[in-house]
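Engineer: Residue numbers (numbering that gives the first Met the number 0): 0 to 299.
Just so you know, even glycine gets a beta-carbon here, dropped at the ideal spot from N, CA and C.
These numbers were taken from a predicted model, which means no experiment stands behind them.
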Amino acid sequence: MKMRKKYNSDLWTAVALLAPYLLLFSLFIAIPVIIAIGLSFTYFDGVNFPSFVGLSNYISLLTQDEIFLKYVIPNTFKYALIVGPGGCVLSFILAWMVTQIQAVPRTILTLCLYMPSMVGSLMVQIVWVTIFSGDQRGLLNSFLLKNDFIDVPIDFLQDPKYLMTIIIIVALWQSMGIGFLAMIAGILNVNDELYEAAYVDGMRNRFQEVIYITIPSMKPQMLFGAVMAIVNAFSTGWLGPALSGSNPTPEYSGNVILNHIEDYAYTRYEMGYAAAISVVLLLMVAFFSKVAGALFSEKK
0 MKMRKKYNSD LWTAVALLAP YLLLFSLFIA IPVIIAIGLS FTYFDGVNFP
50 SFVGLSNYIS LLTQDEIFLK YVIPNTFKYA LIVGPGGCVL SFILAWMVTQ
100 IQAVPRTILT LCLYMPSMVG SLMVQIVWVT IFSGDQRGLL NSFLLKNDFI
150 DVPIDFLQDP KYLMTIIIIV ALWQSMGIGF LAMIAGILNV NDELYEAAYV
200 DGMRNRFQEV IYITIPSMKP QMLFGAVMAI VNAFSTGWLG PALSGSNPTP
250 EYSGNVILNH IEDYAYTRYE MGYAAAISVV LLLMVAFFSK VAGALFSEKK
């Protein structure tokens, strides 16, 4: 009887502790996702009551939406496959380099590397639009003109040949976020005795140290950093409009899937269709998160 009472007491304690998280998770994640999935099977203009259309939105998206198939999907995968893994690898390399120096300069350098991830679209426009401005006052154009690399200024942010490359550069510049901090913590918490034992057993250089000791010892942090990089890569859509000044971007050259959602949701007011695109995005993020989990999760 006492064991049963203790069990019930522990159960209610666990429920009380989990309740705030479950409430917030339900209100801001679970319920909106369920509503989005439901709306994806309807036509909804944001004013009239949604009307059920079945799989029509998905069929149109995957067979008739030329912009989605020709521009958005290739742009999204190009952006995500470079910025996601690239940002994760860059975060690890910089985190490892930062941990090799003393505490005070490490803190200052970490802050400097982390700061770009905190700046908003206004700072991006001020810094990067100034660099890639399409007239001779742009820093890159000014450099190229002065050194006779070009004869006339290049409008980088309006030229489809350059826009996506610039977006990727800016995204990598901003990729040192919370995953980067987690990797620093993981590297600093690796047991020094593992390195000493490995050198006794014949390990010869720092590269082997990283491959055989550091990375295997911080797989949870690597998994967290990889998932955060993937989520950020697929959910960041404001860079193209912020740099080019329009949505859609010139010839859809900088449009990723989030821009397509915003176009249909807030410009065309086709909320049901936008919800269908959101569900596709959710499935893509879930798939690549599973891949990251398979690569970095602890083997049992």
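Cβ atoms of A241 and V123: under 8 Å apart, would you say?
Structural biologist: Here residue 123 refers to the residue found at position 124 of the sequence shown. Here residue 241 refers to the residue found at position 242 of the sequence shown. In this structure, A241 lies closer than 8 Å to V123 by Cβ.
Engineer: Would you identify the three-state DSSP class for M194, choosing helix, strand or coil?
Structural biologist: Locating residue 194 in the sequence shown gives position 195, where the first residue counts as 1. A small correction: the amino acid at residue 194 is Tyr; Met does not occupy that position in the sequence shown. In the structure shown, Y194 sits in a helix (DSSP, three-state: H, G or I).
Engineer: Using a Cβ-Cβ cut-off of 6 Å (strictly less than) and excluding sequence neighbours within five positions of T75, which residues of its own chain qualify?
Structural biologist: In the sequence shown, counting from the first residue as 1, residue 75 sits at position 76. Excluding positions up to five away in sequence, the list reads V255 and I256.
Engineer: Which of helix, strand or coil does DSSP assign to F286?
Structural biologist: Taking the sequence shown and counting its residues from 1, one reaches residue 286 at position 287. F286: helix per DSSP, three-state reduction.
Engineer: The alpha helix (DSSP H) spanning F91 covers which residue range?
Structural biologist: One-based indexing of the sequence shown puts residue 91 at position 92. Here the alpha helix (DSSP H) through F91 covers I72 to V97.
Engineer: Compute the beta-carbon to beta-carbon distance between G178 and A228, rounded to the nearest angstrom, for a pair I have assumed lies under 8 Å.
Structural biologist: Here residue 178 refers to the residue found at position 179 of the sequence shown. Here residue 228 refers to the residue found at position 229 of the sequence shown. G178 to A228, Cβ: 6 Å. Contact.
Engineer: What's the gap between the Cα of F142 and the Cα of F155?
Structural biologist: Taking the first residue of the sequence shown as position 1, residue 142 is located at position 143. Taking the first residue of the sequence shown as position 1, residue 155 is located at position 156. Their backbone Cα atoms lie some 14 Å apart in a straight line.
Engineer: Among L21, L144 and W95, which residue has its Cα nearest to the Cα of V189?
Structural biologist: Taking the first residue of the sequence shown as 1, we reach residue 189 at position 190. Cα-wise, what sits closest to V189 is W95.
Engineer: Would you check if the stretch 164-171 and the stretch 214-223 touch, i.e. whether three or more CB-CB distances between them fall below 8 Å?
Structural biologist: Flag = no, the stretch 214-223 and the stretch 164-171 do not touch.
Engineer: Would a C-beta distance cut-off of 8 Å place D44 and Y268 closer than the cut-off?
Structural biologist: Counted from its first residue, the sequence shown places residue 44 at position 45. Counted from its first residue, the sequence shown places residue 268 at position 269. In contact: D44 and Y268 (Cβ atoms closer than 8 Å).
Engineer: Among the residues of its own chain, which have a CB less than 7 Å from the CB of F131, if the five just before and after it don't count?
Structural biologist: Taking the sequence shown and counting its residues from 1, the one referred to as residue 131 is at position 132. Around F131: G137, L139, F155, L156 and I165.
Engineer: From the DSSP output, in three-state form, read off F24 for me.
Structural biologist: As a first step, residue 24 is located in the sequence shown; it is residue number 25 there, counting from the start. Residue state, collapsed to three classes: helix.
Engineer: Short check: CB of V82 to CB of G271, under 8 Å?
Structural biologist: Residue mapping note: residue 82 aligns to position 83 of the sequence shown, counting from 1. Residue mapping note: residue 271 aligns to position 272 of the sequence shown, counting from 1. No, they are not a contact pair.
Engineer: Take the Cβ of A285 as the centre, count every other Cβ of all protein chains shown within 10 Å, and call the residue buried at 16 or more, exposed below.
Structural biologist: Position 286 of the sequence shown holds residue 285. Counting Cβ neighbours within 10 Å, A285 comes out exposed, since fewer than 16 surround it.
Engineer: For L54, verify whether its CB is less than 7 Å away from any heavy atom of the ligand MG.
Structural biologist: Annotation note on the ligand MG: not contained in the displayed structure, which lists no ligands.
Engineer: Taking one C-beta from the stretch 272-284 and one from the stretch 30-37 each time, how about it: are there three or more such pairs within less than 8 Å?
Structural biologist: Yes: at least three Cβ pairs fall under 8 Å.
Engineer: Suppose contacts are defined by Cβ-Cβ distances below 8 Å. Is T98 in contact with I183 by that definition?
Structural biologist: Indexing the sequence shown from 1 puts residue 98 at position 99. Indexing the sequence shown from 1 puts residue 183 at position 184. Yes, they are a contact pair.
Engineer: Identify the continuous alpha helix (DSSP H) that holds Y211 and give its terminal residues.
Structural biologist: Here residue 211 is taken as the residue at index 212 of the sequence shown, counted from 1. Here Y211 belongs to no alpha helix (DSSP H), and DSSP marks it neither H nor E.
Engineer: Do L121 and Q135 count as a contact pair if the criterion is CB distance below 8 Å?
Structural biologist: Mapped onto the sequence shown, residue 135 falls at position 136. Mapped onto the sequence shown, residue 121 falls at position 122. Not closer than 8 Å, so no.
Engineer: Give me, in chain order, the residues of the same chain whose beta-carbon lies closer than 6 Å to that of T340; leave out the 5 immediate sequence neighbours on both sides.
Structural biologist: No statement about residue 340 is possible, as the shown extent of the chain runs from 0 to 299 and does not include it.
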